[in-house]
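Residue numbers (this note's numbering), protein chains in the order written: chain W, 2 to 491; chain H, 2 to 491; chain F, 2 to 491; chain X, 2 to 491.
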């Protein structure tokens with residue numbers, strides 16, 4: 002997901018003090034929710050469940066759904082061959098032998114493949130959910146069935162949320178020495194309730210913008226007491242989370258919600274960063290006529306060269322069929338813009354949180370809201386004009402489309418390698434600070450995914466490596482190298 | 002030009018000790034050489050010429066060509082409106098008043114627009130050529146006619162080259178306080194012959210990879226005695242010199258030399274950096290079937306996602322119609338590859354210097370070379386097979402196509418702003434080191450070019466600027482930001 | 002839908018003798034089925050329903066759903082402005098005054114907009130469904146509520162199907178003088194049961210390939226007793242039904258069923274006609290690596306020039322991630338091909354009926370079928386290999402994605418104009434034969450849709466019209482002109 | 002070349018009565034004119050030349066250039082493998098044994114490959130040029146050297162032109178029985194001077210729009226006395242001459258003349274037929290922002306769906322950087338438009354003849370013309386505004402770029418097959434009328450060119466052929482089928 006905040010906001014800065022992170026309650030469209038659990042209203046906390054091995058060390062919706070979840074996991078494994086090959090390569094050595102990992106992430110089939118890879122590499126794991134809506138109950142059941150203590154279900158209350166985290170951390174006779182977090186809530190809880198745990202923890206791996214931001218703040222304040230790895234900003238993950246994933250999901254999100262025909266549609270994309278580039282590429286390719294708004298002249302110049310007119314939103318708003326925000330800013334689409342849109346205009350957000358479109362301004366008495374489908378509202382003006390708002394201005398691709406397993410595989414593999422790196426790093430390599438994944442491991446994540454494309458890498462000859470001043474096995478670019486740029490000189 | 006060496010080579014390292022830089026003798030295709038000077042074989046050094054104002058303070062091929070050159074300059078001005086608007090904006094203040102600039106660059110209509118802009122901003126200039134082939138004689142004449150002391154002509158000998166530089170630097174009653182260099186030969190000469198000049202020099206602006214490399218070496222060795230600005234690595238210039246310029250020139254270079262039809266051609270591009278990306282984009286768009294070779298798994302993964310098969314050269318070489326190198330490495334196309342190419346295969350280099358294709362290996366007795374056009378050789382194998390080598394493996398787009406004025410405008414504007422910045426910087430802002438252009442000036446260069454596209458920039462509201470933690474006038478990205486990447490976090 | 006059969010097959014030829022057309026029982030994904038009618042198992046035929054005006058002259062699932070259906074119709078109207086403008090232009094004259102139209106089509110919100118346009122133009126209409134699954138019950142209710150006699154519901158039995166058609170045709174005191182058919186079942190029924198109706202009928206408008214084929218056969222056999230208009234083959238409709246609609250729906254169909262990531266996927270598209278071109282364009286644009294199979298050297302050459310490798314299926318089948326058929330032929334993907342596919346390969350059909358993939362060959366004991374989602378089956382080989390078959394080999398875009406309203410608007414407008422033309426044609430213009438829509442009306446359909454794109458047509462000056470030998474109002478191309486070709490000479 | 006006139010104009014109708022066709026004096030950019038013949042001002046008609054076999058039966062510029070021309074022919078052969086394979090396939094039978102072909106075409110290396118193929122197939126040939134500028138003297142010499150009587154040189158006068166044609170037709174002891182013409186001048190001459198020749202002629206093969214138009218007029222007037230084959234309108238040739246060739250040449254023509262950078266340029270293309278489609282595709286792909294003008298709503302709708310805004314020229318003319326005409330009409334760009342263009346706007350014609358831009362209106366006293374390069378004029382308004390007119394409004398791609406050999410190969414192969422067909426057709430198959438190439442031969446031309454792309458055609462199984470009602474060897478489409486369209490039904 003690309004819910005980045007390029008420049009941490011005031012709101013962002015406050016988030017550490019909130020009792021629960023915003024991301025933990027974001028709406029989330031889960032691809033598969035095949036089983037109907039509506040027949041069972043009992044809280045999992047009140048149920049006594051036992052898996053087929055006799056264990057009760059978990060708390061899920063329904064342990065009987067394990068078989069169904071297992072199939073989901075198997076399907077996910079097909080597109081996560083990087084993790085599978087990691088399992089194979091580490092068959093002998095078990096680089097995570099002795100690791101006790103407590104994890105807090107979305108619990109989906111893809112996460113399950115990650116968890117079971119960590120176990121295959123020698124780790125013990127306890128797991129909980131980072132979002133109260135996103136758990137695939139069947140998958141949680143499948144994990145619990147194989148013996149991973151999982152505490153998570155779809156539709157937790159806030160109280161449930163913290164209860165699950167607590168159960169995960171606070172376990173008799175088992176103390177975590179590694180933390181894998183997504184959003185920072187787990188880390189926050191440990192800081193608040195069990196600070197002594199950090200004495201044994203070798204490191205934290207954090208995946209989200211919000212969580213990473215919290216870590217940097219801790220570090221700045223001198224309170225970070227273990228090394229932390231920021232996997233959110235690894236090159237490979239960034240490119241996939243932003244450019245490629247948005248290129249894939251913008252069309253999908255719009256089609257599933259509105260059945261729009263793209264050909265000939267006038268579209269304005271606000272912001273020409275990676276997310277904007279991904280959206281523009283896909284829409285133009287399908288025959289839409291796309292223009293851009295930008296505040297940064299360099300990005301604007303790039304948009305020109307890529308064949309997009311650069312305009313102010315107010316100049317074109319009357320003609321647009323679709324308005325898409327990708328800025329990371331707030332109130333980019335204001336009520337004034339919304340008032341001037343034409344009948345049938347579609348408005349949605351691919352950028353940051355839910356601030357970009359001033360949806361709040363539409364909650365006024367003269368306008369009528371009509372929910373026409375899940376995630377699709379018609380806002381009706383007194384003169385009958387309808388504006389179509391998707392996902393109430395929240396992230397379109399998280400709410401209305403699915404994230405390809407392959408993208409999740411890159412994230413998961415990066416997390417696994419970060420855990421291995423932190424767990425095995427010699428004393429002193431990492432201090433009480435926030436680190437980026439070393440370039441070489443970033444390249445390793447990429448190389449593990451090349452077989453999916455049957456891609457054949459060229460190897461440097463000795464002579465060429467010498468000429469370039471490179472090690473034949475990489476890293477091939479300096480640590481500060483960012484994809485899509487060429488920094489030519491030290 | 003994209004003759005970068007990402008990783009300075011041994012050869013590169015030696016270049017400082019050579020008496021003349023390689024780039025100063027590179028072949029160079031100059032767009033316009035309208036006047037025929039073949040009727041005049043006298044060396045300019047032996048001629049007594051005087052311009053219409055009575056000055057003899059110059060040395061060019063033929064001062065009478067001034068009017069013709071003036072028209073060339075006027076045409077160039079049409080596409081360099083950024084410099085023209087810079088002249089206008091600085092009409093009152095003259096930010097270069099008092100500056101005495103000695104310059105050593107290609108002398109073309111576009112450079113003339115730069116020089117005359119510097120003059121309009123208050124500077125005095127003396128100029129010489131950085132390449133013995135690239136001078137447009139008419140333009141040099143036009144500059145000399147208006148009173149700029151120019152010492153340059155097309156087809157200088159090496160001795161002429163240094164004589165011109167010397168005449169430029171060593172002038173009675175005039176001492177430079179700024180240096181604008183392209184390749185480092187001028188800087189080298191001043192270091193060697195007139196080190197005392199540096200006492201008054203406020204800074205060096207250097208445009209080329211080679212020159213920048215020399216400066217970094219001086220800096221490393223503690224011998225750099227004034228601040229230097231590396232304009233080669235400014236974001237805007239990089240993106241245009243590499244991605245966009247190659248996207249434009251690869252088709253042009255191939256068409257002008259071979260009249261090839263692109264549709265359905267099998268092409269392999271070696272290297273998927275910015276240059277490779279530019280080439281691939283253009284070729285794919287025109288119907289070629291393009292595959293890629295890469296050594297770096299991250300770039301390889303990106304190629305996959307962009308829809309290119311990633312292969313080893315040896316796997317596909319037999320089927321290819323065109324082979325293009327963009328790696329910055331050496332012997333990427335070896336004699337073994339050349340032996341296995343099919344009849345009619347075209348081989349060319351868009352990357353680095355002339356090392357990428359092992360052209361030397363083709364100079365062997367069993368092969369026949371046949372020059373079929375300027376820059377086009379057929380190499381004929383004993384069995385009659387012909388391989389078509391362009392520009393003898395040197396840079397295709399420098400040798401066989403032209404660089405758009407707009408790209409040169411970006412470079413020239415960047416140079417002008419770097420001169421203004423160094424000349425006006427308060428004491429202490431810049432030390433005896435090599436600097437990148439400040440992000441904000443990079444953005445300014447971009448913004449000066451937006452009117453060419455009738456692009457309208459969006460301005461942040463106070464509220465939005467506050468939310469983003471940005472100044473409304475920029476910079477909008479951190480200094481370490483590189484186009485095409487999103488670095489999300491401090 | 003693009004279920005065309007370029008060359009009528011034996012099977013096709015037999016279809017007239019079947020009691021029900023194949024298309025009437027095809028599976029059909031209806032965009033909106035918001036209301037849950039599962040609470041009501043009574044057959045509509047057994048219900049006594051009355052609309053708010055006291056009429057009982059209809060048979061729908063539940064008249065109380067009318068309000069909901071009305072909203073659906075209103076939403077559809079937003080994208081069908083061509084029909085709305087047709088209503089306005091004909092406000093005075095009522096070109097269908099006196100017309101009594103009996104119709105048999107899919108009953109959806111879009112059809113409702115057509116029917117209500119016909120009524121606004123002066124016609125009386127009675128309507129029934131051409132497919133037993135595709136009726137939107139709420140829309141049928143809304144039509145019935147406004148007084149259109151509709152006989153249709155979702156999930157009819159075959160007996161229901163013919164009963165509805167009969168009720169539509171056989172009405173006391175009302176006799177049709179125009180027929181609008183989709184599939185030929187209505188026409189077939191009138192021929193069989195009420196041949197005397199044809200005495201008053203001024204013409205038949207037929208929309209489907211199958212129906213048109215039946216009409217041509219009747220004509221050939223000398224049994225066609227009224228003029229018929231083949232709207233299936235109008236230029237505008239063809240281009241939208243095939244090229245554009247497939248370009249839009251291939252991505253959507255694949256995403257909704259498999260959440261596949263397109264970037265870097267190896268795809269083979271069998272057939273490079275308009276449907277294949279649409280699929281290839283979209284997939285290539287999203288980063289897939291696409292190759293083609295063709296039997297026709299001219300289409301193959303075109304594929305080459307468009308940048309696609311032309312291969313035999315057997316040569317590439319092992320490497321493919323996705324196989325898409327668009328040939329109109331049978332057994333293009335055979336069991337042998339399926340046996341050689343790699344694990345996880347997706348197979349689907351965009352072409353013709355359900356013959357292109359030999360799905361029947363997969364119904365063998367050694368293979369396991371696993372339904373993982375609606376329309377998605379995993380076929381599992383004994384060694385664990387899974388091949389993913391979509392929609393059991395039926396048309397992917399009809400089964401798994403939606404057709405944009407805009408495409409349906411073009412079809413509906415074409416139908417309306419064909420009805421107007423046939424109804425108002427002077428005696429003798431049309432004989433007992435099958436006609437294509439006159440070029441000029443085809444152009445009129447297109448022009449009615451241009452305002453959706455804010456497109457501004459250029460008008461010929463008198464001088465230019467004379468030079469070109471054209472009427473200023475068109476037609477601009479000869480009748481035999483086909484889009485995308487230039488036929489230069491009589 | 003795409004100098005088609007979709008609708009024969011008045012001017013066109015008059016052309017038959019002119020003494021020389023317009024196309025015979027069109028400017029023409031010949032790729033290769035390596036040898037400098039400026040040293041020899043003697044008219045070839047006044048020279049006595051003899052080839053190395055002792056023959057004097059030819060008239061060329063300089064027989065000594067034969068060796069140079071031979072190399073040109075050999076290079077052309079590399080891209081004309083279709084003709085080479087035709088030579089091989091017919092090695093035994095000699096399908097043109099006994100044919101005596103008199104030809105009048107451009108005389109280039111590519112034509113030479115055709116002529117030598119005809120000879121290899123058994124024919125005797127005499128040849129002359131259809132254009133007074135386009136002859137490659139070296140190639141003419143090479144043909145004469147091998148014994149083909151050639152009468153042509155570059156820079157003929159009109160008198161020379163007819164003298165050459167006469168020498169070609171009027172030869173003692175040799176009488177043509179086949180005519181291959183390009184423009185109709187040869188045919189016209191035979192009609193006028195040697196009508197009795199037609200008694201033995203089995204057919205005429207005509208390649209140009211103008212020539213074909215003349216033939217249709219003769220046919221209409223009942224004066225066509227032999228069968229004629231219109232190869233101009235064969236499907237394969239049309240697609241290549243228009244869509245693909247323009248896609249390739251628009252960029253090339255613009256670059257070679259103006260060195261324009263395409264990225265971000267605002268371009269309006271007038272006309273969205275095949276030529277316009279080719280131009281738009283290429284320009285959009287290289288980053289230009291393209292809009293369209295159209296008179297035909299169907300083409301306009303197609304432009305919308307392809308992602309181009311459809312505008313009136315007068316609405317956008319002030320903003321455009323480039324204006325390209327592709328309409329086949331006259332005065333599409335008027336003086337009024339030219340007056341409103343911005344400084345530096347480029348205007349050129351890809352469409353028809355030289356009528357589309359009203360260049361004549363620019364020959365007025367208040368405007369200054371400045372020739373800045375070959376084919377490039379600056380027109381300067383009194384206020385200093387410059388508009389850049391290319392090729393004085395004649396066809397850009399004929400004047401300023403080259404036609405790929407592959408495209409010429411398709412034309413030449415089509416001509417060869419048409420000659421074979423007419424020469425060998427059984428009595429009665431062709432009457433005194435104008436015919437299109439049979440579909441099957443069109444497909445054969447295509448198939449002969451597939452090996453260039455290493456394309457592998459799929460063959461129908463017996464079962465599939467039966468199902469489709471097709472012969473396994475084609476034809477695969479009906480005769481009226483036009484590429485890019487799907488005509489589904491008889």
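We put the beta carbon where it would ideally sit given N, CA and C, even for glycine.
First through last residue of the beta strand (DSSP E) which encompasses residue i
i	result
residue 231 (chain H)	229–231
residue 47 (chain F)	Per DSSP, residue 47 (chain F) belongs to no beta strand (DSSP E) and is neither H nor E.
Euclidean distance between Cα positions of residue i and residue j
i	j	result
residue 465 (chain W)	residue 306 (chain H)	27 angstroms
residue 129 (chain W)	residue 471 (chain H)	37 angstroms
residue 36 (chain H)	residue 257 (chain X)	The predicted position of residue 36 (chain H) is uncertain, since its pLDDT is 43 and thus under 50; no value can be drawn from it.
residue 417 (chain H)	residue 453 (chain F)	48 angstroms
residue 10 (chain F)	residue 395 (chain F)	For residue 10 (chain F), the pLDDT reaches just 32, beneath the cut-off of 50, and the residue's location in the model is therefore unreliable, although a value from the coordinates is still provided. Approximately 17 angstroms, taken between the alpha carbons.
Best match in the options for proximity to residue i [C-alpha to C-alpha]
i	options	result
residue 313 (chain F)	X:455, X:318, X:369, X:174	X:455
residue 242 (chain X)	X:352, X:429, X:117	X:352
residue 101 (chain X)	X:175, X:76, X:78, X:164	X:175
residue 143 (chain W)	W:299, W:293, W:52, W:457	W:52
Beta-carbon proximity check, residue i vs residue j, cutoff 7 angstroms
i	j	result
residue 473 (chain X)	residue 461 (chain X)	yes
residue 95 (chain X)	residue 115 (chain X)	no
residue 347 (chain W)	residue 403 (chain W)	no
residue 113 (chain W)	residue 74 (chain W)	yes
Element boundaries [alpha helix (DSSP H), containing residue i]
i	result
residue 303 (chain W)	298–306
**Study point:** Segment contact, 8 angstroms Cβ cut-off, at least three pairs: the segment 193–211 of chain F with the segment 165–174 of chain F
**Key:** Cβ pair count under 8 angstroms is three or more, so yes.
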